[in-house]
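*Asks:*
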Amino acid sequence: DAKTTQPTSMDCAEGRAANLPCNHSTISGNEYVYWYRQIHSQGPQYIIHGLKNNETNEMASLIITEDRKSSTLILPHATLRDTAVYYCIVAHTGANSKLTFGKGITLSVRP
Amino acid sequence: EAGVAQSPRYKIIEKRQSVAFWCNPISGHATLYWYQQILGQGPKLLIQFQNNGVVDDSQLPKDRFSAERLKGVDSTLKIQPAKLEDSAVYLCASSLDLGQTYGYTFGSGTRLTVV
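Line by line, the protein sequences are chains A and B. Heads up: the first sequence is residues 1 to 111, going by the numbering used here. Heads up: the second sequence is residues 112 to 226, going by the numbering used here.
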């Protein structure tokens, strides 16, 4: 599976949009981009995934560049409860696929 | 639906002792995963089951770690003997089937401290 690169940390103000970047320059054609997050003392939680089109759900939006070498997770109105480690993962969906986590990016939402 | 249940929540043992963790996945989920998460790092996959068969255990330190999922539902992960470097959170996850990488549901984990 392709590797991803994320900044170590970032912060944003409560109520503002949080834009979390991810680079995945070696992504292959059949690999999806997944985002999971891990709130303190909990297991990771699925947020969103996409192949090449932008995606939106009740939690977030995922913007994937046209060349698919990078993506941005957008939390439109960050709250204090969004403070967590966010993992960007690239993986295919074949039978032997599995999630391989990096260190992720720590998002701190400040009041 | 009920989530992935893990127990115990916390465990402290001395090095060279043995310990076991238990996981009950979401009902109907065929695929079960055990991850190890050392402080400050992302989770690392130890072993993956499909029903009661092992799909991937390439990252499992088999000299001291073992895992089973005898009836294709609950699973146990054992460490014997434990080392200081085994101190970590052990996370269990399940998904409906193989390849459902968007559908992993994780438990809250067992925090192991080896002293």
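Even for Gly, the Cβ is constructed at its ideal location relative to N, Cα and C.
Q42 (chain A) versus chain B: which residues are under 7 Å apart at the beta carbon?
*Replies:* Correct list: S219.
*Asks:* Please return the same chain residues whose Cβ sits closer than 7 Å to the Cβ of N163 (chain B), not counting the five positions on each side in sequence.
*Replies:* These residues qualify, in order along the chain: R180, L181, K182 and G183.
*Asks:* Beta-carbon of Y213 (chain B) versus every beta-carbon of chain A: anything under 7 Å?
*Replies:* Yes, Y213 (chain B) lies at the interface with chain A (some Cβ there is under 7 Å from its Cβ).
*Asks:* In the DSSP assignment, the beta strand (DSSP E) including D167 (chain B) goes from what residue to what residue?
*Replies:* Looking at the DSSP string, the run of the beta strand (DSSP E) that includes D167 (chain B) is G164 to D167.
*Asks:* In three-state DSSP terms, what is D174 (chain B)?
*Replies:* It is coil, neither helix nor strand.
*Asks:* Could you list which residues in chain B have their beta carbon closer than 8 Å to that of H49 (chain A), in chain order?
*Replies:* Simply T212 and Y213.
*Asks:* Taking all protein chains shown into account, decide if Q6 (chain A) is buried (16 or more other Cβ within 10 angstroms of its Cβ) or exposed.
*Replies:* So Q6 (chain A) ends up on the buried side.
*Asks:* Could you tell me whether any Cβ in chain A is nearer than 7 Å to the Cβ of P154 (chain B)?
*Replies:* True, the Cβ-Cβ gap to chain A drops below 7 Å.
*Asks:* Let me check understanding here. Comparing Cα to Cα, which of A:G102, A:D82, A:N96 and A:R81 lies closest to C88 (chain A)?
*Replies:* Nearest option by C-alpha distance: A:G102.
*Asks:* Under 9 Å, CB to CB, which of the residues in the stretch 187 to 209 of chain B have a partner in chain A?
*Replies:* Of all residues in the stretch 187 to 209 of chain B, V200, L202, C203, A204, D208 and L209 have a Cβ within less than 9 Å of some Cβ in chain A.
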